[in-house]
Amino acid sequence: MSPVDPNPSDELHFLNARRSVPAKQLGEPGPDPATFARILAAAVRVPDHGKRVPFRFIRIAGDARHALGERLVARALERDPQAGEGAIEKDRNRFAHAPLVLVVVAKQGPDEKIPASERFSAASCVCFALLQAAQACGFGAQWLTGWPAYDPVITQAFGLAEDEHVAGFIHIGTPKLDAPERDRPDPQALLTDWSPA
């Protein structure tokens with residue numbers, strides 16, 4: 001596994017120090033309006049073949065987080081009437097920890113030139129850029145999905161069209177604890193050189 005950052009003073013230190021903060025460890029305060037605008041502005045600077053802008057955002061904040069939790073509980077019980085109390089409480093609080101959650105929506109409508117996979121990749125880049133921008137502004141963030149990202153009743157409640165999909169739920173807030181580190185793969189072990197046969 002690669003070290004956390006072998007050169008903590010170099011120009012790549014910020015990128016090498018990136019880590020996710022579990023949503024349960026995120027609390028108030030969240031970004032103020034000006035900082036939030038800066039985070040969004042940074043997040044849309046992603047590769048986008050054909051300049052299609054195949055993504056959009058839905059903000060979940062304040063009381064809407066708890067209302068969504070109750071919606072998830074109702075839907076979870078429809079899916080599994082025998083769901084245990086632990087699972088129900090997990091769904092009730094799924095969006096209640098971080099003060100701000102952004103739904104990154106991938107727009108996947110017909111396109112004769114740009115494959116859907118490339119457009120979804122652009123939306124995924126937005127998710128990662130949000131993590132980077134949030135950390136650069138002093139916040140913690142985590143990119144999650146889970147069953148609500150794929151459930152048609154929930155995605156309809158978000159107002160998604162049939163050709164739209166959730167690329168990620170980005171939870172943003174102030175870390176309550178230092179972000180945990182984990183082992184990272186050795187990039188050299190993942191590298192091969194191509195040569196003509």
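Going letter by letter, the sequence shown gives residues 1 to 197 in the UniProt record's numbering.
Ideal Cβ positions, reconstructed from N, Cα and C, are used throughout, including at glycine.
| Check | Outcome |
| --- | --- |
| The segment 48 to 62 contacting the segment 133 to 151, beta-carbon criterion three pairs below 8 Å | no |
| CA-to-CA distance, Asp178 to Arg18, given in whole angstroms | 12 Å |
| Span separating the alpha-carbon of Asp183 from that of Leu77 | 37 Å |
| CB of Leu131 within 7 Å of CB of Ala141, strictly | yes |
| Minimum C-alpha distance to Asp48 - residue among Ala74, Cys125 and Pro22 | Cys125 |
| Same chain, Cβ closer than 8 Å to Ile172, five either side skipped, listed in chain order | Leu26, Gly30, Pro31, Ile39, Ala98, Pro99, Leu100, Val101, Leu102, Leu130, Ala134, Phe139, Gly140 and Ala141 |
| Through-space distance from Arg75 to Asp163, alpha-carbon basis | 22 Å |
| Start and end residues, alpha helix (DSSP H) containing Arg75 | Asp63 to Arg79 |
| Proximity of Phe120 and Ala106 at Cβ, strictly below 7 Å | yes |
| Enclosing beta strand (DSSP E) for Ala140 [first to last residue] | According to the sequence displayed, residue 140 carries Gly and not Ala. Taken as a continuous stretch (DSSP letters only), the beta strand (DSSP E) holding Gly140 covers Gly140 to Leu144. |
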